[in-house]
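From first to last, the protein sequence lines stand for chains A and B. Letter 251 of the first sequence, counting from 1, is numbered 250 in numbering that gives the first Met the number 0, and no numbers are missing. Letter 132 of the second sequence, counting from 1, is numbered 131 in numbering that gives the first Met the number 0, and no numbers are missing. Beta carbons are placed, not taken as given, at the ideal position from N, Cα and C, and that holds for glycine.
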Amino acid sequence: MTSPVTTDPEAGNQESSALAAGLRGLRLPIIAVFLAAVVGGILLLISGDNPFSVYAAIVDESFLSGSGIGRTLEKATPLVLGGLAVAFAFKAGLFNIGGQGQLLLGAAFAAWIGYSIGLPTVIHIPFAMAVGGLVAALLGAIVGALKAYRGAHEVITTIMFNFVAGNLTDYLVSRDGPWNDPEGGAIARTPRLQDSAIIPTWGEIPMGFFFACFFAVLAWWLLNKTTFGFEIITTGANKHAAKYAGINVNRIIILTMAISAFLAGVGGAVQSQGVFGRFEASNNTGLGFDGITIALLARTNPIAVIPAAVLIGGLNASTTRLQQDFRIEPEVVSILQALILFFVAAPSVVRYIVRWKGLDDAEDIQLTGGWGS
Amino acid sequence: MKDVKPVTLFFAVVALVLAVISYQWDGRQTEAVVSRAVVEAGPLLLGALCGLLCERSGVINIGIEGTMLMSAFAGFFIASYSGTVWLGLLGGLAMSAIVGLFLAWTSITLRQDQIIAGTIINIFALGFTSFYYIQGRTMPGVPSVSIPFLEDLPFVGPMLFSHGILTFSAMFLVVVVHLFLYRTRWGLRTRAIGEHPSAADTVGVNIISLRYRNVILASMLGGLAGLHLLQSASSFQRGMTNGKGFIALAVMLFGRYRPFGAMGAALLFGFLGGLQAQLQFKGALDIPPQFFGMIPYLLTIIVLAAAGLAARPPAAAGTPYEGA
């Protein structure tokens, strides 16, 4: 995705070479997904299933029918935002693996605004989303500040905040908590959101998906077309050089973490407002970690996050069918994801297995770079 | 004793005096808290030793969580199907060695981003162990060590000898790792390849091979941490590590990459855990359980913020060796 197109002297037509570069960038993720499917297939064989019929069922269930595509896009919506959160942080050399906690906060606070106050729809929907996102952003800013001023590594702090946010939201909707639904009985959840806060669907297609795509474009624009984005990418490439160039690195770290967490929080808000109509903790498990796979599958390009999220969303949408038809546990999706993550994060393995000449120019992308970064 | 700083000694003595006073005041409850502290500290300590040994060799390991989960999984099901707890422990160790081999291969040979490598281990382990999990099985318990006379001592006896062999071995391994790191040629070389690999290379140390060996060995310590969780829970549960692998990393940092430092930090975490459990059990504090649940994680964040800048990681940690 980041191939040096413009420096290629033989590029006669810039537009078509950009397309070619885009297609070339696609090869590595596609091969990675294929290799993951092969290894995953072997694991399925071990547990006694026919991998071909399992994969056929996944495609059939998630991508071939109108209602299936609607369900896939519904699942993909929070994943686009979760993937963006991870990809955005990577640009500054930060690894946000706390998407899960940020998403929970966003989902819970958006639900709170959604059920507790009455507003006209045009204000209520964005207001609830914004509150959800901003509470998460506050958490992200704390993580960023701890990193910038105290050197506390974000990989550990964000994971720890996942557990803190999980407990906090659990408490808020529990029977003793302030946001509990009295009609919920034993189920810990908020009351149903008012209709004015619910994100509508357009036929089978959830409108939340377009919000998510809008944020993807916004993130791309911010990173590639603004000074702020340039400062983020410079900080990610070399913190010391960035400081020397007069960039306030601490400010960039805090703001990047806040924006990253904001995106994850909006992902949670969309879950509450667009899918479930209320907040219930168990509805959101695991989504934060999917974002890591998606961001790397997209090679941290915000626009490419959209198709990557649709792919993983499709996998997630098929778990019910897999359980019914094959008695396969839904966790098979996590295994496939870890395999995709492995192949996409280790281009050298892919190059070793698939010895195509052109793959050599698939650039390694800037990711975390260790404790000191 | 020359490796032990006066400050450390001071805090150790203060802690001991407080414990004795508390024991005189209420023996049964003190024993309950201290005993629980040691049990809770065990996995954190073993996990921290795993991280410490990896980083001292120049490899960042954030896959401790996944390593623990994989070894607890293997340990439980092997012990359960064979009916022999020892086979289970061996199986768990073998599984963690495989995980270690994977981490070594990706981070040393493939020179992949090490933090991503650890994340892959964590995600894979959670998926794998949940996918192949079978409900409703049991395993034989882990036996405890018994050393005549020592186990009858008040305080120390129940602390070390009433919880199964892994709690004892956690404390024992601290000493082993310390002696290994600071008193042997292997240890000197390990520290060298973590700080300045090209210098070590110049004097003939085989960096790749030593890093491989150390990462695999360290991962087996991480495996012991998982088996220790299994010893306390006596059955495998999905996601039973609950972030302990990451808390172990904080313990490692707080202990400034030193075995005895890690022990002090782990015991502090364990003590607060034991205190919390006792207070909650007695109903002394009227606080929703979720807030109790947050404590270890908030504590980890505070510890990281406090220790973050002071703990200097080994210079080469996270950097693959490209050759001199």
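Residue i and residue j: beta carbons closer than 8 angstroms?
i, j, result
"Ala-147(A)", "Ile-253(A)", "yes"
"Gly-87(B)", "Ile-77(B)", "yes"
"Ile-300(B)", "Thr-156(A)", "yes"
"Gly-244(B)", "Gly-254(B)", "no"
"Ala-265(B)", "Val-250(B)", "yes"
"Ser-79(B)", "Arg-136(B)", "yes"
"Phe-235(B)", "Phe-130(B)", "no"
"Leu-52(B)", "Ala-224(B)", "no"
"Gly-264(A)", "Gly-67(A)", "no"
"Ile-97(B)", "Ala-316(B)", "no"
"Val-349(A)", "Ile-30(A)", "yes"
"Ser-333(A)", "Ile-122(B)", "yes"
"Thr-71(A)", "Ser-61(A)", "yes"
"Gln-99(A)", "Leu-286(A)", "yes"
"Ile-96(A)", "Ile-291(A)", "yes"
"Met-219(B)", "Ser-95(B)", "yes"
"Ala-124(B)", "Gly-221(B)", "no"
"Gly-272(B)", "Pro-288(B)", "no"
"Glu-203(A)", "Gly-65(A)", "yes"
According to DSSP, residue i sits in a beta bridge with which residue or residues?
i, result
"Trp-201(A)", "Ile-204(A)"
"Glu-279(A)", "Arg-188(A)"
Within its chain, find whatever has a CB closer than 7 angstroms to the CB of residue i; leave out the 5 residues flanking it on each side and keep chain order.
i, result
"Ala-324(A)", "The sequence as given places Asp at residue 324(A); Ala does not occur at that position. The answer, listed in chain order, is Ala-56."
"Phe-94(A)", "Ala-88, Glu-153, Val-154, Thr-367"
"Asp-169(A)", "Ala-187, Ala-280"
"Leu-118(A)", "Phe-126, Ser-195"
"Ala-169(B)", "Gly-41, Leu-44, Leu-45, His-227"
Counting only beta-carbon separations shorter than 8 angstroms, does residue i have a partner in chain A?
i, result
"Phe-75(B)", "no"
"Phe-290(B)", "yes"
"Thr-105(B)", "yes"
"Pro-42(B)", "no"
"Leu-51(B)", "no"
"Ser-61(B)", "The question names Ser, but residue 61(B) is Ile in the sequence shown. Cβ-Cβ to chain A under 8 angstroms: yes for Ile-61(B)."
"Met-94(B)", "no"
"Met-293(B)", "yes"
"Pro-287(B)", "yes"
"Leu-109(B)", "yes"
Under 8 angstroms between C-beta atoms, does residue i make it to chain B?
i, result
"Leu-221(A)", "no"
"Ala-106(A)", "no"
"Asn-95(A)", "no"
"Arg-188(A)", "no"
"Ile-116(A)", "no"
"Ile-252(A)", "no"
"Ile-291(A)", "yes"
"Leu-288(A)", "Note on identity: in this sequence residue 288(A) is Phe, with Leu being the wrong assignment. Output row for Phe-288(A): interface = yes."
"Ile-352(A)", "no"
"Ala-19(A)", "no"
Enumerate in chain order the residues of its own chain whose CB-to-CB distance from residue i is below 6 angstroms, with the five nearest sequence positions on each side excluded.
i, result
"Leu-180(B)", "Gly-186"
"Thr-83(B)", "none"
"Ser-372(A)", "Bear in mind that the predicted position of Ser-372(A) carries a pLDDT of just 44, short of 50, making it unreliable; the figure below should be weighed with that in mind. Around Ser-372(A): Gly-92."
"Gly-266(A)", "Pro-77, Leu-80, Gly-81, Leu-102"
"Leu-248(B)", "Gly-50"
"Leu-92(B)", "Met-219, Gly-222"
Go through its chain and collect everything with a Cβ distance to residue i's Cβ below 8 angstroms, but skip five positions before and after it.
i, result
"Arg-110(B)", "Pro-319, Glu-321"
"Gln-391(A)", "Here chain A comprises residues numbered 0 to 372, so residue 391(A) is not present and cannot be evaluated."
"Ser-350(B)", "An answer regarding residue 350(B) cannot be provided, because it is not within the stretch 0 to 323 covered by chain B."
"Arg-188(B)", "Ala-199, Val-204, Leu-209"
"Gly-165(A)", "Gln-99, Gly-100, Leu-103, Ala-280"
Members of the segment 111-140 of chain B that neighbour chain A once the beta carbon cut-off is set at 9 angstroms: Gln-111, Asp-112, Gln-113, Ile-114, Ile-115, Ala-116, Gly-117, Thr-118, Ile-119, Ile-120, Asn-121, Ile-122, Phe-123, Ala-124, Leu-125, Gly-126, Phe-127, Thr-128, Ser-129, Phe-130, Tyr-131, Tyr-132
Please identify, using Cβ separations under 9 angstroms, the residues of the segment 320-336 of chain A that lie next to chain B, in order along the chain. Ile-327, Glu-328, Pro-329, Glu-330, Val-331, Val-332, Ser-333, Ile-334, Leu-335, Gln-336
If you measure beta-carbon to beta-carbon, which residues of the segment 245-260 of chain B are closer than 9 angstroms to chain E? Absent from the structure is chain E; the protein chains it does hold are A and B.
What residues in the segment 337-350 of chain A bring their beta carbon closer than 8 angstroms to a beta carbon of chain B? Ala-337, Leu-338, Leu-340, Phe-341, Ala-344, Ala-345, Ser-347, Val-348
Cβ-based contacts, 7 angstroms cut-off: residues of the segment 295-307 of chain B near chain A: Tyr-296, Leu-297, Thr-299, Ile-300, Leu-303, Ala-304, Gly-307
Near-chain B residues of the segment 161-186 of chain A - C-beta to any C-beta below 8 angstroms: Asn-161, Phe-162, Val-163, Asn-166, Leu-167, Asp-169, Tyr-170, Ser-173, Asp-175, Gly-176
The segment 146-158 of chain A: positions lying closer than 8 angstroms to chain B by Cβ: Arg-149, Gly-150, Ala-151, His-152, Val-154, Ile-155, Thr-156, Ile-158
Of all the residues that make up the segment 220-243 of chain B, which are near chain A by a beta-carbon distance shorter than 9 angstroms? Arg-237, Asn-241, Gly-242
If contact means a Cβ-Cβ distance below 8 angstroms, which residues of the segment 206-220 of chain B contact chain A? none
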